[in-house]
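Chemist:
In the working numbering, the protein residues as written are 716 to 854.
1. Near residue 784, what residues of its chain come up, given a Cβ to Cβ distance below 6 Å and the 5 sequence neighbours on each side ignored?
2. Going by beta carbon distance, what residues of the same chain come within less than 8 Å of residue 835, once the five residues before and after it are set aside?
3. Which runs of the alpha helix (DSSP H) at least 4 residues long sit entirely within the segment 744–829? Give them in chain order.
4. Taking the continuous alpha helix (DSSP H) assigned at residue 854, which residues delimit it?
5. Contact check, residue 827 vs residue 804 under 8 Å by CB: the rounded distance?
6. Do you know how far the Cα of residue 734 is from the Cα of residue 782?
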């Protein structure tokens, strides 16, 4: 029977991998780079779907920032989104358009939908660098 791995398990495995990587010999490093390409092959919406929930649900992001993430202004400035990054599930009878059905995030005891409107068009509308920078700064 396959065991379902949750995000905490994945993060723990990543920490172990990072520690083990310190023991690699120089000749082995190129193999590791091929194994972990990071987010290069994922679309920006998939990065948001997989990387943001564990960070936002961890309790490391202050409640004040979670509140700001529910505004267009903060979301535009920090993620280049046209809509709030988060909306409270309790404010809607059904999932609003432009928000992901899953995952539903549980942040400080409140459930939230995550914005699904992520784009990576060269030049004018590229949310990827904003998202990757925010993830890097908040891991």
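Backbone N, C-alpha and C fix where the C-beta goes; we use that ideal spot for every residue, glycine too.
Modeler: Answer, in terms of the structure:
1. Closer than 6 Å at Cβ, skipping near neighbours: 800 and 801.
2. Cβ neighbours of residue 835 beyond the five flanking positions: 758, 759, 841, 842 and 843.
3. Taken in chain order, the whole alpha helix (DSSP H) runs of length 4 or more contained in the segment 744–829 are 744–750, 759–771, 778–783 and 787–794.
4. Per DSSP, residue 854 belongs to no alpha helix (DSSP H) and is neither H nor E.
5. 6 Å
6. 35 Å
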